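Chemist: Before I ask anything, let me first share the structure, which is written out below as C-alpha cells.
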Amino acid sequence: MMKRICLLVLILVLAVLPMGSVAAQAEAYGEHHALYGDLNLDRKIDASDALEVLRLLVGKSENDRMLPAADVNRDGRIGADDALEILKHTVGKPTILDTSESVTVHLWSQWQEVQAATQAQDGILRRDCQYCSAYEEKTVAYLPPISAMCQEVLQLVNAERAKEGLQPLAYYTAGQSCGDIRANEINTLFEHTRPDGSSCFTVIPHSVPWYALGENIAMGQTTPDEVMRAWMNSTGHRENILDPKFTHIIVGVAPCEHEGYRGYCWVQLFLGLSQ
Numbered sequence: 605m606m607k608r609i610c611l612l613v614l615i616l617v618l619a620v621l622p623m624g625s626v627a628a629q630a631e632a633y634g635e636h637h638a639l640y641g642d643l644n645l646d647r648k649i650d651a652s653d654a655l656e657v658l659r660l661l662v663g664k665s666e667n668d669r670m671l672p673a674a675d676v677n678r679d680g681r682i683g684a685d686d687a688l689e690i691l692k693h694t695v696g697k698p699t700i701l702d703t704s705e706s707v708t709v710h711l712w713s714q715w716q717e718v719q720a721a722t723q724a725q726d727g728i729l730r731r732d733c734q735y736c737s738a739y740e741e742k743t744v745a746y747l748p749p750i751s752a753m754c755q756e757v758l759q760l761v762n763a764e765r766a767k768e769g770l771q772p773l774a775y776y777t778a779g780q781s782c783g784d785i786r787a788n789e790i791n792t793l794f795e796h797t798r799p800d801g802s803s804c805f806t807v808i809p810h811s812v813p814w815y816a817l818g819e820n821i822a823m824g825q826t827t828p829d830e831v832m833r834a835w836m837n838s839t840g841h842r843e844n845i846l847d848p849k850f851t852h853i854i855v856g857v858a859p860c861e862h863e864g865y866r867g868y869c870w871v872q873l874f875l876g877l878s879q
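Written as C-alpha cells, this is what we have:
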C-alpha cells in the first residue's frame, strides 16, 4: 500500500513540475525574450521561421523586433546561413539551435521625432522599448537650402530634355516670386487651383509675354532627385517636362506642413515665352 502511495506521489510531482516550468517560461517568453530561431513566437522552430529570416534579409518584413532572434549563428549579422541553420534543425540535423538558448527582444514603439531636420543640421528620430528602458535613435538627413534645390531641379529637367534631343529650358529669374507663391499655396490647397478659386496660371503677371504655360506640383519629397523621379514616373508631369513648346521654367519650393507630410512643397511653372 505504501509503495502505491509513494508511486502516486512521484507521478503527481513529475506531472506538476513540467507545468510550473512551462508557466515560468511562458511568463518571460514572448514578453522580453525569444528562443533563437523562433521569429514567429509560436514556441517552435520550423520552416516558417526560416522564411521570416529571408524576409528580414531582403527587407520584406517589418518585424525588426525579432532581429536578435534571427541571428541564429550569433555572428552579429542576419544572413541566409541563419535560415539554413533553422531548416537543418527542422529536419532533425544537429545545429546550434539544439541548445534552446533565448535572446532579449524589444517591443519597439513608433519612431518619434525628437529633433526636426533643418537646413543646417540633421534631425533625430527615437523609438523606445515598451518593456524596458532600451531605445534606438536614427538621423534624418538635413534639408538642403531652397535656392540650391531650385537650381538642381533645373539641371535635372534639362538632363531629361537632353535625352530626348530637346532644347534646354532657361530659368525665368524674374518670375521667382511666382514660384514661391505657388509653393506656399499648395501647402494649403494641393491643387492646380489657387486658394481663391482662380487658375494656377493667374500667378503669372499679364505683362509676361507667354504663349504656353504648364504646371507640375508635388508634396512631401525632400530632395530634387526624389521629386524629379516622381514627376518623371507620372505621364502628365513627364509630358510637361519634355514639352518642346516650353522655353523657360520657374521652380518654387517651400517647407511642407500639410497633412503630416515632411519635406517640401514643389512647383514647376513652365513657360513658352515670345522673344
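Our numbering numbers the first residue of the sequence shown as 605 and each following residue consecutively. Glycine included, each C-beta is placed from N, C-alpha and C at the ideal position. These figures come from a predicted structure and were not determined experimentally.
1) Relative to the C-alpha of residue 847, which residue among 724, 817, 828 is closest?
2) Would you check if the distance between the CB atom of residue 869 and the CB atom of residue 790 is smaller than 7 Å?
3) For residue 806, does the three-state DSSP call read helix, strand or coil?
4) Check whether the segment 754 to 771 touches the segment 735 to 745, taking contact to mean three or more Cβ pairs, one atom from each stretch, closer than 8 Å.
5) List, from N- to C-terminal side, the alpha helix (DSSP H) runs of 4 residues or more that fit wholly inside the segment 714 to 751.
6) Which parts of the segment 744 to 794 are runs of the alpha helix (DSSP H), unbroken and 4 residues or longer, counting only runs that do not cross its ends?
7) Determine the DSSP secondary structure at residue 632, reduced to helix, strand or coil.
8) Assuming residue 844 is part of the beta strand (DSSP E), what are its boundary residues?
9) According to DSSP, which residues form a beta bridge with residue 815?
10) Determine, using beta carbons only, whether residue 672 and residue 695 come nearer to each other than 7 Å.
11) On the three-pair Cβ rule with 8 Å, is the segment 845 to 859 touching the segment 806 to 825?
12) Our contact map puts residue 699 next to residue 692 with C-beta atoms below 8 Å; I'd like the distance itself, whole angstroms only.
13) Report the residue ranges of all beta strand (DSSP E) runs contained in full by the segment 642 to 679; include only those spanning at least 3 residues, in chain order.
14) How would you label residue 656, buried or exposed, when you count the other beta carbons within 10 angstroms and need 16 or more for buried?
15) In terms of alpha-carbon separation, which member of 697, 665, 706, 645 lies closest to residue 678?
16) Please list, in chain order, all residues of the same chain as residue 773 whose beta carbon is under 8 Å from its beta carbon, the five residues on each side excluded.
Modeler: Considering the structure as presented:
1) Against the sequence shown, residue 847 aligns to sequence position 243. Checked all of 724, 817, 828; the closest Cα to residue 847 is 817.
2) Position 265 of the sequence shown, counting from 1, holds the residue named residue 869. Position 186 of the sequence shown, counting from 1, holds the residue named residue 790. Closer than 7 Å, so yes.
3) Sequence index remark: in the sequence shown, residue 806 carries index 202 (1-based). Helix, per DSSP.
4) Touching, no.
5) Taking only runs of at least 4 residues, no alpha helix (DSSP H) segment lies wholly in the segment 714 to 751.
6) Here the runs fully enclosed are 750 to 767, 780 to 790.
7) For this step, residue 632 is matched to residue 28 along the sequence shown. Reliability of the predicted coordinates at residue 632 is poor, the pLDDT of 47 falling under 50, and the value obtained from them is presented with this limitation in mind. Looking at residue 632 - three-state DSSP - the assignment turns out to be helix.
8) Against the sequence shown, residue 844 aligns to sequence position 240. Annotation: residue 844 is outside any beta strand (DSSP E); the continuous alpha helix (DSSP H) that includes it extends over 839 to 845.
9) What you label residue 815 is simply residue 211 of the sequence shown in a count that begins at 1. According to DSSP, residue 815 shares a beta bridge with no other residue.
10) The residue given as residue 672 occupies position 68 in the sequence shown. The residue given as residue 695 occupies position 91 in the sequence shown. No, Cβ-Cβ distance for residue 672 and residue 695 is not below 7 Å.
11) Inter-segment contact for the segment 845 to 859 and the segment 806 to 825 is present: three or more beta-carbon pairs are separated by less than 8 Å.
12) If you number the sequence shown from 1, residue 699 lands on position 95. If you number the sequence shown from 1, residue 692 lands on position 88. Rounded to whole angstroms, the Cβ separation of residue 699 and residue 692 is 5 Å, and the two are in contact under 8 Å.
13) Segments of the beta strand (DSSP E) lying fully in the segment 642 to 679: there are none.
14) Along the sequence shown, read from residue 1 onward, the residue named residue 656 stands at position 52. When all chains shown are included, residue 656 counts as buried.
15) The count along the sequence shown starts at 1 and reaches residue 678 at position 74. Of the candidates 697, 665, 706, 645, the residue whose Cα lies closest to the Cα of residue 678 is 706.
16) Here residue 773 refers to the residue found at position 169 when the sequence shown is read from its first residue. Around residue 773, the same chain offers 758, 761, 762, 765, 850, 851, 852, 853, 874 as residues with beta carbons nearer than 8 Å, after the five sequence neighbours per side are excluded.
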